[in-house]
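Below is one structure, written out as structure tokens; comments come after it.
Residue numbers (the numbering used here): 4 to 158.
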């Protein structure tokens with residue numbers, strides 16, 4: 004298996020991780036489908052959401068697959084008046100990743116990142132390895148320390 008930037012970053016920081024491969028369904032890339040197709044407990048699969056505010060600042064949110072982000076909480080955490088999902092056609096340019104393979108690790112630039120405080124209840128969570136078909140299994144505190152993220156109420 005070819006290593007991704009996300010894997011190399013974890014290794015550089017001496018953070019242990021495991022990899023889970025799954026079959027990609029190009030017609031259904033959402034995290035809930037990934038959890039089901041990979042036979043992973045849905046509470047452990049975290050999706051990476053990239054948002055932009057009125058000042059064109061980029062923010063990253065990691066939250067459990069089956070939940071939606073609270074825009075009110077996102078605005079509060081980012082001190083924004085308006086915040087919205089980054090347009091899909093901008094995702095690769097801004098992060099280096101494509102939909103269905105967006106990892107909080109190894110983006111073109113390290114943006115301010117918030118992880119759902121639900122992650123603190125788990126010893127391990129699954130996040131994208133940076134390519135479709137691979138998930139990283141990592142301790143959430145190790146992940147947060149690696150990328151300078153904070154645990155927040157974002158759901």
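A virtual CB, placed ideally from N, CA and C, is assigned to each residue, including glycine. In this text, all values refer to a predicted model and were calculated from it rather than measured experimentally.
Report the residue from the options whose alpha carbon sits nearest the alpha carbon of residue i.
i, options, result
"residue 17", "151, 129, 156, 146", "146"
"residue 9", "42, 149, 89, 39", "149"
"residue 91", "114, 143, 126, 53", "53"
"residue 84", "96, 59, 106, 70", "59"
"residue 156", "113, 80, 7, 49", "80"
"residue 19", "158, 127, 153", "127"
"residue 115", "125, 51, 12, 95", "51"
"residue 68", "108, 12, 39, 29", "39"
"residue 107", "57, 76, 125, 143", "143"
Which residue or residues does DSSP assign as beta-bridge partners of residue i?
i, result
"residue 52", "64"
"residue 35", "In DSSP, residue 35 forms no bridge with anything."
"residue 119", "155"
"residue 129", "48, 140"
"residue 24", "137"
Could you check if residue i is buried or exposed, using at least 16 other CB atoms within 10 Å of its CB as the buried criterion?
i, result
"residue 93", "exposed"
"residue 151", "exposed"
"residue 24", "exposed"
"residue 55", "buried"
"residue 111", "exposed"
"residue 82", "exposed"
"residue 88", "exposed"
"residue 119", "buried"
How about residue i and residue j: do their beta carbons lie closer than 7 Å?
i, j, result
"residue 47", "residue 129", "yes"
"residue 104", "residue 134", "yes"
"residue 32", "residue 78", "no"
"residue 137", "residue 22", "yes"
"residue 121", "residue 64", "no"
"residue 139", "residue 132", "yes"
"residue 61", "residue 97", "yes"
"residue 70", "residue 12", "no"
Does chain B have any CB closer than 7 Å to the CB of residue i?
i, result
"residue 22", "Here chain B cannot be found, since the structure has a single protein chain."
Report task. Ignoring anything shorter than 3 residues or poking outside the region 65–113, list the beta strand (DSSP E) runs there in chain order. Result -> 86–88
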